[in-house]
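In this text, residue positions in the first sequence follow my numbering: the first is 47, and each later residue adds one.
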Amino acid sequence: MEEIKNEEEKSLNFIEEIVEEGLHSGKHQKILTRFPPEPNGYLHIGHAKSICLNFGLAKKYNGKTNLRFDDTNPVTEETEYVGSIKEDVRWLGFEWANEFYASDYFEQLYEFAVKLIKKGLAYVDDSTGDEIAAQKGAPTEPGMRNKYAERSIEENLLLFADMRAGKYADGEKVLRAKVDMASPNMQLRDPIMYRIKHAHHHRTGDKWCIYPMYDFAHGQSDSIENITHSICTLEFVAHRPLYNWFIEQLEIFPSKQYEFARLNLTYTVMSKRKLLQLVNEKYVNSWDDPRMPTISGYRRRGYTPESILKFADKIGVQKRENLIDLSLLEFCIREHLNKIALRRMVVLDPLKVVITNYKKDSELVRSEDNPEDENTGYREIPFSAEIYIEKEDFMENPPKKFFRLAPGQKVRLKSAYIIQCDEAVKNADGSIAELRCSYIPESKSGSDTSGIKVQGTLHWVSVKHAVTAELRLYDRLFRVEDPSNEENDFKEYINPDSLQVIKTVYAEPALKKAGFDERYQFLRKGYFCLDKDSSKDKMVFNRTVTLKDTWAKEQKKK
RNA sequence: UGCCCGAUAGUAUAAUGGUAGUACGACAGAUUUUGGUUCUGUUUGUCUUGGUUCGAAUCCAGGUCGGGCAACCA
């Protein structure tokens with residue numbers, strides 16, 4: 047009830063308003079959207095925003111969404127990308143009504159072009175690319191039409207057929223729409239509809255040697271599918287008049303285009319071109335490198351679909367340029383992981399502690415798998431006289447408010463006993479070799495009768511029971527908030543410490559049963575998930591995100 | 001200096017002519033066997049100048065600033 051109420055009270059974004067208007071006025075019975083990726087790269091979190099918008103809108107208003115690959119440029123497109131895109135959309139939890147390809151419509155688009163030629167609205171131009179560009183004029187000056195625009199309908203029909211038949215080389219001729227060379231909108235200055243490319247297409251093979259441009263494929267594809275709301279990013283605003291012009295001249299279903307601002311995130315880049323560079327030039331290991339803002343990167347890093355959906359919901363949809371704080375994404379994943387992650391104790395940088403008055407060989411202590419969720423139950427952890435704690439959890443000369451271990455100071459070992467540090471044994475070079483501590487037998491967790499209050503609780507691992515693993519700690523990929531907006535090339539701002547590998551960490555035995563679908567919180571250290579590089583003998587964990595650490599933050603300030 | 005789009009706390013996002021609110025961040029405190037979680041509180045905002053109106057973040061006009069448009073890319 048509460049949730050329904052919130053749903054109703056939540057204000058609509060501008061696209062939802064448009065949708066509701068169309069529904070209420072009877073303009074649409076049902077809405078149909080589409081997600082139209084070009085299969086020339088992996089999807090990133092910016093696409094996730096678009097996916098959530100397109101599929102989310104359909105879901106909310108009881109409509110449907112098509113997945114349509116915009117594959118009109120065979121030179122850059124590959125089947126590998128088609129697979130990854132489908133996997134990513136499904137992973138986010140969306141199912142498409144139909145899987146289509148712009149290339150499905152090549153024959154129909156060809157007929158559309160012929161129709162425009164017959165209406166005297168398209169012509170074959172023999173000019174070079176430079177000539178066409180020069181004739182287009184400038185934003186402040188009108189363009190000039192050349193002699194080819196005067197060709198007869200019959201000649202154009204013939205030449206266009208010859209283009210298709212492969213009688214010309216790449217670049218020799220193009221088909222252009224005859225719109226308005228003097229338009230203040232450059233997109234309307236007789237835009238190119240078809241170009242010649244003798245290239246192998248990932249679906250149509252060598253059937254075609256002419257391929258439609260975006261502007262003569264996208265809107266027509268929308269129309270063929272009866273898309274009601276064709277939602278794209280802001281850079282296509284100037285294309286909208288052309289989008290409408292083609293549809294009007296062709297007299298086909300009037301799909302409408304609406305534009306929203308693309309997502310930008312701090313400390314990363316969000317263009318396929320730049321991401322491709324990072325992969326090709328080995329700044330990262332792959333498209334799904336956990337430092338990448340790709341959907342596959344976030345997946346491998348341990349982000350959940352829920353967290354990304356939540357994020358998309360929180361950032362909203364608008365038309366103004368934006369740069370979202372990474373901290374918002376991190377908030378979303380921490381919020382979800384806090385609820386679902388199994389707690390485990392793992393020591394990253396070990397310091398041995400000998401509990402001198404502990405005479406038993408070992409015993410099992412009980413600890414909750416997740417204090418946020420009582421349904422998850424408990425696990426048993428072996429405790430013994432020799433344990434590891436983090437080096438950073440001991441200081442010989444601690445500052446005030448250091449709630450951890452120091453000579454004479456007491457701490458709680460999580461789910462076990464309170465110990466007191468009696469002595470720090472040193473190496474010849476003065477570094478700490480190990481700690482000698484004594485434990486308080488009546489302070490056992492759950493049956494503590496000692497009455498002793500301590501300020502700090504440490505995670506720990508029994509030395510002889512410990513299992514090992516490799517950890518990969520990730521930090522932001524770039525040192526600056528907006529690398530694309532800096533003076534120099536964006537790659538100069540890469541964070542050299544974005545990946546830190548710890549070859550061996552020590553974990554409680556329960557971690558041995560780690561699974562790929564499970565999420566873990568390593569107590570006081572962060573959220574982790576098993577990486578696909580793991581093998582039977584070696585576990586590898588990715589740090590999804592750290593825990594909030596107010597102590598570290600305070601130390602940094604000093 | 002052509003045309004188009006936009007401008008609300010540090011960052012996002014609401015308020016649709018009638019009390020400028022929410023989230024994240026930051027800061028302070030309480031709770032806590034994770035310096036986590038949770039809870040409470042504080043902080044900071046309508047780009048500017050005019051106009052319309054009883055009343056303007058909202059409507060109008062001028063300006064300023066930011067973004068986009070002159071690929072045989074999408």
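Glycine is no exception: its CB is placed at the ideal position from the N, C-alpha and C atoms.
Ala307: not part of any beta strand (DSSP E); DSSP gives it neither H nor E.
Here Val509 is near Tyr434, since their CB atoms are less than 8 Å apart.
Collapsing the DSSP output to three states places Arg337 in coil. DSSP, read as helix, strand or coil, puts Glu145 in strand.
Residue pairing for Tyr169: DSSP places it in a beta bridge opposite Arg222. In the assembly as shown, Trp597 is an exposed residue. Its beta-carbon has fewer than 16 other beta-carbons within 10 Å. In the DSSP assignment, Ala358 falls within the unbroken alpha helix (DSSP H) covering 351-361. Taking the C-beta atoms as reference points, Ala431 is found nearer than 8 Å to Val400. Under the DSSP assignment, Ser484 falls in the beta strand (DSSP E) whose first and last residues are 478-485. With 16 or more other Cβ atoms inside 10 Å of its own Cβ, His93 counts as buried.
With a contact defined as Cβ atoms closer than 8 Å, Glu418 and Lys460 miss out at about 16 Å. Secondary structure at Asn421: helix, using DSSP grouped into helix, strand and coil. Counting along the chain, Cys278 sits inside the beta strand (DSSP E) bounded by residues 275-279. CA-CA distance, Thr174 to Lys219, rounds to 8 Å. Apart from the 5 residues on each side of it in sequence, Lys490 sits with its Cβ closer than 8 Å to the Cβ of Val411, Ala462, Tyr463 in its chain, given in chain order.
Residue burial is scored here from C-beta neighbours: Met338 has at least 16 other C-beta atoms within 10 angstroms and is therefore classed as buried. Each residue's CA atom was taken as its position, placing Asp172 and Asp371 some 49 Å apart.
Asp595 counts as exposed, since fewer than 16 other C-beta atoms from the protein chains shown sit within 10 angstroms of its C-beta. Residue Asp116 holds the alpha-carbon nearest to the alpha-carbon of Gln266 among Asp116, Ile97, Glu84. Excluding five sequence positions before and after Leu296, the CB atoms of its chain that fall closer than 6 Å to its own CB belong to Phe158, given in chain order. Within the model, the alpha-carbon separation for Arg518 versus Asn588 is close to 5 Å. In the three-state reduction of the DSSP assignment, His248 falls in the coil class. Contact check between the stretch 78-92 and the stretch 133-146: three or more CB pairs, one atom from each, fall below 8 Å, which counts as touching.
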